[in-house]
Amino acid sequence: MKGFIEKALNYQLERRTFLKASAATVAGLTLTGCSGGLQAVSDAVAKDIASKEEEWITAACWHNCGGRCLNKALVVDGVVVRQKTDDTHEDSPDYPQQRGCARGRSQRKQVFGVDRLKYPMKRKNWAPGGGDKELRGKDQWVRISWDEALDIVAKEFIRIKEKYGNRAFFQGGGGEIARTMGLLGGYVSNWGTTSWGSWRWGPEKFGMAEGFFAHSINDRIDLRNSELIVIWGANPAWSAGGSPTYHYLQAKKAGARFVVIDPSFTDTSEILEAEWIPIRPGTDHAMLLGMAYTLITEDDPVKNPLIDWEFLNKCVVGFDAEHMPEGANPEDNLKDYILGTYDGIPKTPEWASEICGVEVRAIRKLAREIGYTKRAALFTGWAPGRTHSSDSMPQMFMALGAMTGQMGLSGKMTGVSCHFGTANGGPRLVTNGGNGVPGIKNPVSDTLNHAQMWDAILTGKYTAGYNDVRDINIQLIYHGGNAVLQTREGMTKGIEAHRKVEFVVSNSHFLTTNSKYADVVLPATTEWEREGGFLTGNREILIFYTKITEPLYEAKDDIWIAKELAAKLGLDADAVDPISAKQKLFNQLAGATIIKENGNGMEKLVTITSSDIAQWGVKGEPQHGRITLKEFKEKGMYQVPRKPKDNYGFIAYEQFRKDPAANPLNTETGKLEIYCKGLMELIKSKGFTEIKPIPTYNPPVKGYEATFSDWEKKVKGEYPLQVINPHYMRRSHSIFDNISWLREAFPNPVFVSVKDAKERGIKHGETVLITSEYGKTLRMAYLTETLMPGIVGLPHGAWAEIDEKTGIDKAGADNVLTGQIPTGQGISGWNTCICQVEKWTGESLTPDHKWPQRIIF
Amino acid sequence: MTDKKLEGIKLLLEERMLAYDILRLAYVEEPSREFVKTLLNDKLMNSFPFIEEEEEISAGCREISEYLTNTDVLEESQYQKLHWDYTKMFIGPYELIAPPWESAYTSKERLLFQETTLQVRNTYLKYNFIPRHYPHEADDHIGLELDYLYQLTKQTLEAGEKNKIQRAIQLLEEQNNFIKEHLQIWISEFTEKIINGAETPFYRGMAKVLKGFIIIEPLIIKELIETLKS
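This is the structure:
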């Protein structure tokens, strides 16, 4: 072969001329300025960049995962070389490290994922008014500048406001854009019970805490005094990362026996060597009644004391005819309801068992055990409340605790134990201050319930209250930081709603489900690209994180988007974002407080000097606190060290139990209300369904009873199986679902009991079609003996991948199966969903992490 | 070294510059109408550098030329198709068909801003280059890596013209190392993804040309260095 040089030398004049001319033409093409290529810089600049050294920075791990852990990143000039978790102190049961999970350790894979949304983009077939709206979710896209994007959004806001008014704006979520929309004259918001289910607003009426902002259970160190710990419908090993399961383990080591009531034998049960009581979803109330029947009928204050009469008499109203609040019909008491005195149906364990599927003797045994155990902890997660028609269930749970007196003393407690507060109740011991930004009012009062909002957009009507149905005409949807199309029930309707309105815009990190069906998508920064902030979790910690890297590509903070949009709309942009990011951060630092060493009241956490203030370039006053600003930033966390008998313990209802008259609860009667007029009125006021003032059992919509076409004759119907949505370690709700190593580690199957699978000829690993009245989805079947037959476990939060031709989702998105069903206090009832499962005859699914690229056309 | 040889070296460097110029333009951003027009009017792809020396280059150029001849690319719907082909493969917002960053291949997890990015950044810095949108955009984008080689080839040519032979050799060695340590690591997987995922012959062709060119480059550079050393 001839050399290249020799060949070149043989070139004819023609080639030489061509080369010259082409080089000139090509070089004459200027880049349109978007990407820009390389630029030359001075030696000094180059040297400065090249000399940047690595440093550990506390990184946000900010997701709603039910836990909170310390996450740190080793950063070189914005590149994260590796991550680590808490090593700020030695680990011990009293003073545990706050160690991250697989998701937190994948955080950099989310922030730096190649599929991050990098530029503002618009749907190719969008035009003012929507253009071809049916193409939402399957259109082509065009990269646009921020200026063009904000222009489009502003013009649509103005056009739609002029045509329909502010009541045509629907704000999906995200506090920042809500400010701009508030200034613009307001928007229709949305509301719902989210993770709490019926634990959201009912408990405060009857005297218990909802379990997130406040707790009705004792703290983790006191929990070691419990002899029996009952966990009802909660699996912290999966749904509350960090230390919760570890705290349970300490109680186990201190001698507690665990009982877990759950449709599946969970990792929590396994770790704690718990007795597993399998139960059908949405039937917990029935079991509670069966237990109460056992207590009432077997109790003998002398020979067999199961009921704590002293507590009932002193602290509770509504249990029996002798303890009714003023004005109440004495017949409306719980005891007579349970005994069937007036309705003729005694709520016996046999009655309960038919509904909940728990063996009669197990119901009796657990009731007796709770009754005679001196110090028991009765815990529930929110999952049993994430069921339709369940507004009275939390009240019945409280009633069980009240009847057995398992409240208000060391080792005795009843209430919600999940999320941050799992196994560790009590007020925060350390917390950050406010950022100093005043709120902006929303002048529009219309707000749509999650279980009705997609329907409302489609039908133009929504329930505003009791006998109060109003017209609504939504034409613009703005999604700030949220995932409502993915995570609220009735996704199929939701997509339809998104295809109906005139304009949809969404801020996001990736093409999430919200963004997929939008007209304009705006790239938002993650917490790693922002100035910094604070994270709270369990009551003992406060995390202080700072910026890891500069915003990727053209991603902007949500507040920047809100502010710039306000400017385009001719609004007061400074009112949207009146305080600099640095000042906001500083205000939260300066306002941070910690519990005093004597346990009475709070004091400043951070010592701030005048030179700190000067260095930060912020306004503020020097102050004295427990830790210097420098040390706090370096450690990235302040954790209150704890030990038994310290001053930071918490016994819920302690003062109330001692003297209820002097320390009344914040209820109408000041007592725990088994008869609760406030609860009944609250539910009625929502306008969906009604309940009694005492906790009677209401068979839930789409519950176990609904799996039968003929309940009396026990003939199964079209959808014979019940679906639950376990929180799954691959995701935090919908976040992280696109991270490939998490996909590989947690393949996201549908859990099917061996019995149900056998009856359907389904083998382990085979693809199955899950069908409900509302949609269809595909998953690989994971056959297990750890799930109660009749129940299907479809993990929560998978990003929908709907085949436009068949309408079948292949990701296992839970909300493809759920419908828009508003009940009670506006409950999102995900764990009451019924379905059929069958072998899929089409092409089998490949594991998610090996999925082919998302080719749409 | 004879003037003649120097002349040959110069021509070869010009060929390489032209190749890098076209390729960086093809990959760094969405296809502009001007870019397509230039390729069309000057029939550039018919005479692409090293078209006779390397099969992939030749196949790729043929594919692009045929496409440009048979399709009215400047007509709106065809242009939109071409534009979407780039957007879909390299920008988003759907999952990227062929992520155009080296780190997406070296990390196995399709990530941006990895150690590879830092290595590439530090290499650019030796010659005082940074991406125009540093630090927001990842340094190891294919368009930037090709731009870097374009810039270094240009500097080599300038060094040669000033008779700075040692400088020219050093620059060529730098290019050679960069190709071996970076482009060759990922280019075949990257171009494979384009070839399988592109909807237009334009990008399929461009992928082949890029692949072929990166295969042949070390041979060309080797000869240039040897000749300059002799």
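Residue numbers (our numbering), protein chains in the order written: chain A, 323 to 1179; chain B, 10 to 239. Backbone N, C-alpha and C fix where the C-beta goes; we use that ideal spot for every residue, glycine too.
In terms of residues, what are the limits of the beta strand (DSSP E) holding residue i?
| i | result |
| --- | --- |
| A:Gln1044 | 1043-1046 |
| A:Val403 | 401-407 |
| A:Arg445 | 443-445 |
| B:Thr80 | Run containing B:Thr80: none; DSSP gives neither H nor E here. |
| A:Met735 | 735-738 |
| B:Thr200 | Element bounds for B:Thr200: not the beta strand (DSSP E) but the alpha helix (DSSP H), 193-206. |
What does residue i touch in chain B if you count any residue whose Cβ is under 8 angstroms from its own?
| i | result |
| --- | --- |
| A:Ile870 | Under the 8 angstroms cutoff, chain B gives no residues; its nearest Cβ is about 10 angstroms from A:Ile870. |
| A:Ser1062 | Glu118, Arg119 |
| A:Phe825 | Those do not exist, as A:Phe825 stays about 17 angstroms from chain B at its closest Cβ, beyond 8 angstroms. |
| A:Met1051 | What A:Met1051 touches in chain B: nothing, since even the nearest Cβ is about 18 angstroms away. |
| A:Lys444 | Ordered by position in chain B, no residue passes the 8 angstroms Cβ test against A:Lys444, which lies about 10 angstroms from the chain. |
So residue i is in the alpha helix (DSSP H); what residue range does that whole segment cover?
| i | result |
| --- | --- |
| A:Val510 | Unbroken run through A:Val510: none, as it is neither H nor E. |
| A:Gln808 | 806-809 |
| B:Gly17 | 12-37 |
| A:His569 | 566-575 |
| A:Gly495 | Note, A:Gly495: premise wrong, no alpha helix (DSSP H); beta strand (DSSP E) at 491-495. |
| A:Val367 | 365-372 |
Strictly below 7 angstroms CB to CB, what residues from chain A border residue i?
| i | result |
| --- | --- |
| B:Leu53 | Ser344 |
| B:Ala113 | Val436 |
| B:Pro108 | Val436 |
| B:Thr47 | Thr347, Val348, Leu351 |
Determine the chain B residues that contact residue i at a beta-carbon separation under 9 angstroms, and present them in chain order.
| i | result |
| --- | --- |
| A:Pro873 | His145 |
| A:Trp463 | Trp93, Thr96, Lys97, Ile100, Gly101, Pro102, Tyr103 |
| A:Ser837 | Pro102 |
Which residues in chain B sit within 7 angstroms of residue i, going by Cβ to Cβ distance?
| i | result |
| --- | --- |
| A:Ile371 | Leu134, Ile139 |
| A:Ile327 | Lys14, Gly17, Ile18, Leu21, Glu232, Thr236 |
Find the nearest neighbour of residue i within the set the options, judged by alpha-carbon distance.
| i | options | result |
| --- | --- | --- |
| A:Leu628 | A:Glu990, A:Leu617, A:Val638 | A:Leu617 |
| B:Glu24 | B:Thr47, B:Phe57, B:Ile66, B:Glu43 | B:Phe57 |
| A:Ile883 | A:Ile917, A:Leu844, A:Lys999 | A:Leu844 |
| B:Phe59 | B:Ala28, B:Leu161, B:Trp195, B:Asp51 | B:Ala28 |
| A:Glu1003 | A:Trp523, A:Val1045, A:Phe535, A:Tyr486 | A:Trp523 |
| A:Thr1099 | A:Lys1085, A:Thr1128, A:His1086 | A:Thr1128 |
| A:Thr785 | A:Arg602, A:Gly733, A:Thr769 | A:Thr769 |
| A:Cys391 | A:Glu336, A:Phe742, A:Gln910, A:Lys1008 | A:Phe742 |
| B:Ala216 | B:Ile73, B:Arg42, B:Ser86, B:Phe44 | B:Ile73 |
| A:Trp378 | A:Phe908, A:Lys955, A:Arg425 | A:Lys955 |
| A:Gly1039 | A:Ile1046, A:Gly507, A:Gly1025, A:Asn1047 | A:Gly1025 |
| A:Ser903 | A:Gly758, A:Lys444, A:Cys1157, A:Phe633 | Checking the displayed sequence, the identity of residue 903 of chain A turns out to be Ala instead of Ser. Taking only the C-alpha atoms, the option nearest A:Ala903 is A:Gly758. |
| A:Glu862 | A:Asn635, A:Tyr417, A:Thr736 | A:Tyr417 |
| A:Ala366 | B:Ile151, B:Gln164, B:Leu134, B:Glu208 | B:Leu134 |
| A:Thr605 | A:Trp554, A:Ile543, A:Gly761 | A:Trp554 |
| A:Val401 | A:Leu439, A:Lys374, A:Gln493 | A:Lys374 |
Just to make sure I have the definition right: I need the residues of chain A whose C-beta is within less than 9 angstroms of the C-beta of residue i. Which are they?
| i | result |
| --- | --- |
| B:Leu219 | Here the premise fails: no neighbours, minimum Cβ distance about 16 angstroms. |
Show which residues of chain A have a CB atom less than 8 angstroms away from the CB atom of residue i.
| i | result |
| --- | --- |
| B:Tyr157 | Leu360 |
| B:Arg33 | Gly359 |
| B:Phe122 | Gly400, Val401, Val402, Phe434, Thr871, Leu874 |
| B:Leu153 | Gly359, Leu360 |
| B:Ser56 | Arg337, Phe340, Ser344 |
Contained alpha helix (DSSP H) runs [length at least 4] in the region 682-723 of chain A, N- to C-terminal order: List check, alpha helix (DSSP H) in window: 682-694.
Whole alpha helix (DSSP H) elements within the region 591-635 of chain A, 4-residue minimum: 606-620
3-residue-minimum beta strand (DSSP E) runs that sit fully inside the region 1059-1099 of chain A, ordered along the chain: 1072-1075, 1089-1093
Cβ contact (3+ pairs, closer than 8 angstroms) linking the region 595-610 of chain A and the region 646-664 of chain A: no
Three or more C-beta pairs below 8 angstroms linking the region 1087-1104 of chain A and the region 1129-1140 of chain A: yes
Segment contact flag, the region 937-955 of chain A with the region 901-918 of chain A, C-beta cutoff 8 angstroms, min 3 pairs: Of all C-beta pairs linking the region 937-955 of chain A to the region 901-918 of chain A, three or more are shorter than 8 angstroms, placing the two stretches in contact.
Three or more C-beta pairs below 8 angstroms linking the region 585-600 of chain A and the region 728-735 of chain A: Taking 8 angstroms as the limit for Cβ pairs, the verdict is that the region 728-735 of chain A does not touch the region 585-600 of chain A.
Any 3 or more C-beta pairs closer than 8 angstroms across the region 964-977 of chain A and the region 924-939 of chain A: no
Residue ranges of each beta strand (DSSP E) within the region 833-918 of chain A, 3 or longer: You should have 842-845, 854-858, 863-868, 915-917.
The region 982-992 of chain A touching the region 422-436 of chain A, judged by at least three CB pairs closer than 8 angstroms: no
Residue ranges of each alpha helix (DSSP H) within the region 730-815 of chain A, 4 or longer: 775-781, 806-809
Beta strand (DSSP E) segments (min. 3 residues) lying fully within the region 1117-1173 of chain A: 1156-1161
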